[in-house]
Amino acid sequence: MKVLMLQGINLNMFGKRDPKQYGTLTLAEIDAQLREVAKELGVEIESFQTNHEGAMVERIHQAYFDNVDAVLINAGAWTHYSYGIRDALAILTCPIVELHMSNIHAREEFRHRSVFAEIVQGQISGFGVDSYLIALRTAVSHAKAAQKI
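Numbering (the working numbering), first residue to last: 936 to 1084.
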């Protein structure tokens, strides 16, 4: 089983950017924790981070052709306004789990709305790095259930 972790704009700055909201772990440390859980679950995980919206859309298109079994996405600020990324995600037929380290509903009002909400399996937010780990477990569970159908 192949899982794709998509990391959006500014997330390469984890560990430096607003530690109150995002903690002190770096993106590399988060990816390492994801790899450990993936190993435990017996799945492959690939992480992709970009600050360029078009590159994100192209990677989502490639995920379609690669037949990935599940997608995790923390799109950062793109979550709230990128219809281009939303439309690319809508092409996928696998489970998609949206995640955020901070509780987006307890922050600025513009962060309360996700343009992805209608097309993703679900959303996990507010649990720091655990949001990633919960999202991975959830996506794998849903992907396995979908394979049995």
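The beta carbon of each residue, even a glycine, is placed where N, CA and C say it ideally should be.
Since the model is a prediction, treat every value here as computed from it, not as a measurement.
Between VAL1032 and LEU1007, the beta carbon gap of about 5 Å places them in contact (Cβ cut-off 8 Å). Using a Cβ distance threshold of 7 Å, MET1036 and SER1066 count as a contacting pair.
Within the same chain, PRO1030, GLN1056 come within 6 Å of HIS1077 by CB-CB distance, once the 5 residues on both sides are set aside. Sorting ALA1010, GLY989, GLU975 by C-alpha distance to the C-alpha of LEU1034 places ALA1010 at the top. GLU1033 is bridged by DSSP to ILE1008, GLN1058.
Contact annotation, LEU1027 with ALA998: C-beta distance approximately 6 Å; criterion of less than 8 Å satisfied. Exposed is the label assigned to ASP1001, since fewer than 16 other Cβ atoms lie within 10 Å of its Cβ. Excluding sequence positions up to five before and after LYS1079, its CB lies less than 6 Å from no other CB in the same chain. Annotated three-state conformation of MET940 is strand, per DSSP. Contact between the segment 975-989 and the segment 937-955 is present: three or more C-beta pairs spanning the two stretches fall below 8 Å. When beta bridges are read from the DSSP output, GLU964 appears opposite no residue. With respect to the 7 Å criterion, GLY958 and GLY1063 are classified as neighbours on the basis of their beta carbons.
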